[in-house]
Amino acid sequence: MKDREQGFTLIELMIVIAIVGILAAMAITAYQDYTKRAYLAEAMGFAGSVKTSAEEYHASKGAWPTSNASAGLQEPEAYWGEAVKALTLAASGSVGVIRITLNDKVQDNAQVWLASEEDASGSYRWRCGGESTLRRLMPSSCRE
1278 MKDREQGFTL IELMIVIAIV GILAAMAITA YQDYTKRAYL AEAMGFAGSV KTSAEEYHAS
1338 KGAWPTSNAS AGLQEPEAYW GEAVKALTLA ASGSVGVIRI TLNDKVQDNA QVWLASEEDA
1398 SGSYRWRCGG ESTLRRLMPS SCRE
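Take 1278 as the starting number for the sequence shown in our numbering and just add one per residue.
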């Protein structure tokens, strides 16, 4: 009787390597999306203190600030983080807008924004959005 050799053949090893490669490619893509989502969450966090300043300005003056300086904030480029390049406060009619410019860790020079209006009861409602290429990475409350 012929002894059967033990171990893996070359073709079996090649199949295993191919499967591991496919799984690694899927994992890397998922990880990249995860890190970009985390960077966008950081960007939205940066806007927290700016929202407060904008609301205080609007409550005292009856209009939204037209720039960072008018609200007593730092220059736009002073707000930077892992993915944030600049944070700009502006007004568009009766709407206050915070624009966050991102760096290449998410998408270079892409922007996300928060826009607020005062409702009839005097409270502020902030809506968020971003460029269409960032929609899938935005927090679920921002995907319109």
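Just so it is clear, CB atoms sit at the ideal spot from N, CA and C, and this is done for glycine as well.
- In the same chain as Ala1315, and ignoring 5 residues on each side of it, no C-beta atom comes closer than 6 Å to its own.
- When only Cα atoms are considered, Met1291 and Ala1302 end up about 17 Å apart.
- Of the residues assessed, Asn1345 falls on the buried side of the cut-off, its CB having 16 or more other CB atoms within 10 angstroms.
- Taking a 10 Å sphere around the C-beta of Leu1287, we find fewer than 16 other C-beta atoms and assign the residue as exposed.
- Counting the other CB atoms within 10 Å of its CB gives Gly1407 a total of 16 or more, which places it among the buried residues.
- Classified as buried, Val1361 has 16 or more neighbouring CB atoms from the shown chains inside 10 Å of its CB.
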